[in-house]
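Heads up: the protein sequence lines correspond to chains A and B, in order. Residues in the first sequence are numbered consecutively from 43, following this note's numbering. Residues in the second sequence are numbered consecutively from 18, following this note's numbering. Built from N, CA and C at the ideal position, the CB exists for glycine as well. Quick caveat: nothing in here was measured; it's all calculated off a predicted structure. What follows is a set of notes on a single structure, which appears directly below.
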Amino acid sequence: KEKHKILHRLLQDSSSPVDL
Amino acid sequence: PECADQRVLAKHLYDSYLKSFPTTKAKARAILTGRTTDKSPVVIYDMNSLIRGEDQIKCNYLTPYGEQNEEVAIRIFHRCQSRSVESVREITEFAKNIPGFVNLDLNDQVTLLKYGVHEIIFTMLASLMNKDGVLIADGQGFMTREFLKSLRKPFGEFMESKFEFAVRFNALELDDSDLAIFIAVIILCGDRPGLVNVKPIEDIQDTLLQALELQLKMNHPDSSQLFAKLLQKMTDLRQVVTEHVQYLQLIRKTEVDMDLHPLLQEIYKDLY
């Protein structure tokens with residue numbers, strides 16, 4: 043997880059997914 | 018009913034694509050072919066036009082490192098990096114809107130992005146390119162292929178493989194609604210190294226592939242075997258990314274002071 047902390051952060055950022 | 022579901026999915030991905038990516042292929046093609054009422058792009062074809070262009074183009078990623086004093090080749094290379102980082106953010110937002118993506122194991126989401134983002138960056142870069150150059154700064158500028166080629170070694174060769182791919186890829190004449198599904202298919206590849214739980218990824222990709230096949234049949238009824246031809250491009254893309262990583266390794270060896278953005282460092286580390 044430490045190796046990819048920026049990618050982790052981007053993925054967990056606020057903008058919410060849209061479900062069909 | 019199955020086709021109806023696939024059309025809903027296609028429409029959903031296209032809407033997400035339009036929200037996530039500010040410069041569409043439609044906009045880029047309108048600028049490149051002069052079919053727009055917007056201002057024509059500033060053409061950068063040599064050092065003088067580059068200096069003039071830097072004054073004319075308003076863009077927050079043009080001088081991100083206070084780099085006006087840097088050598089031109091390195092300045093351009095830094096701008097490519099800044100744009101790539103922005104693209105990774107955009108692609109991540111798009112990925113989160115692919116149905117099922119956020120329910121995958123979080124480490125698998127990271128792996129899919131790590132391996133997918135550059136294939137997508139080069140796919141979408143093709144939308145901004147023709148055989149003679151590439152649109153920059155959201156279509157405000159056009160940098161010629163010859164100018165990029167004239168940059169000193171090893172920077173001069175950096176973009177050539179992207180242009181070669183773009184010319185071949187653009188011959189398929191996909192539009193933004195096709196690209197939206199294709200990009201989703203690239204992200205949901207079950208063969209990326211280090212994935213923990215492959216099955217749900219392949220299940221989502223199967224659904225996306227069905228939607229892509231139907232989309233291409235409906236949007237390009239006269240283009241035979243387009244689906245198969247497009248899938249072949251995924252192999253070409255991996256080759257473009259492999260070459261890109263090799264160039265970067267060369268640049269990091271020869272240019273000792275070259276710094277790489279931390280997000281890109283993360284992505285490139287142990288990639289191929």
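- Counting only Cβ-Cβ distances below 7 Å, B/V127 has contacts in chain A at H46, L49, H50 and L53, in chain order.
- Apart from sequence neighbours up to five positions away, the residues of its chain that approach B/I218 with a beta-carbon distance below 8 Å are L121, D125, L129, L205, C206, G207 and L212, ordered along the chain.
- In the displayed model, B/N147 falls within a strand according to three-state DSSP.
- If you draw a straight line from the Cα of B/E19 to the Cα of B/K234, it comes to about 15 Å.
- Contact annotation for B/E283 against chain A: K45, H46, K47, I48 and L49 [CB-CB distance below 9 Å, chain order].
- Setting aside the 5 residues that flank it on each side, B/T259 is surrounded in the same chain by Y289, each with a C-beta closer than 6 Å to its C-beta; the list follows chain order.
- Note that the segment 146 to 154 of chain B touches the segment 175 to 185 of chain B; at least 3 beta-carbon pairs, one per stretch, sit closer than 8 Å.
- By the C-beta density criterion, B/I203 is buried, having at least 16 other C-beta atoms within 10 angstroms.
- Excluding sequence positions up to five before and after B/I200, its CB lies within less than 6 Å of the CB of I137, all in the same chain and listed in chain order.
- In the structure shown, B/I61 adopts extended strand secondary structure according to DSSP, grouped into three states.
- B/T161 sits in a strand when the DSSP states are folded into three classes.
- The Cβ of B/T109 sits closer than 8 Å to at least one Cβ of chain A.
- In this structure, B/E163 lies near B/Y62, with their beta-carbon atoms less than 8 Å apart.
- Residue-level contact by beta carbon fails for B/L212 and chain A, as no gap is shorter than 8 Å.
- Secondary structure of B/L152 (DSSP, three-state): strand.
- Between B/V60 and the set B/T161, B/E272 and B/V25, the nearest pair of CA atoms involves B/T161.
- Look at the beta carbons and you see the segment 141 to 148 of chain B touching the segment 42 to 56 of chain B: at least three pairs across the two are nearer than 8 Å.
- In the three-state scheme derived from DSSP, where H, G and I count as helix and E and B as strand, B/C20 is classed as helix.
- Per DSSP, the continuous alpha helix (DSSP H) segment holding B/K246 begins and ends at L243 to T271.
- The beta carbon of B/R209 sits no closer than 8 Å to any beta carbon of chain A.
- Look at B/T128 here: in three-state DSSP terms it is helix.
- Of the candidates B/Q282, B/L226, B/E103 and B/K216, B/L226 places its Cα closest to the Cα of B/A245.
- Contact check for B/F111 and B/Y34: beta-carbon distance about 6 Å, within the 8 Å limit, so the pair qualifies.
- Using beta-carbon distances, B/P279 counts as an interface residue toward chain A, with a partner under 8 Å.
- Annotated three-state conformation of B/D220 is helix, per DSSP.
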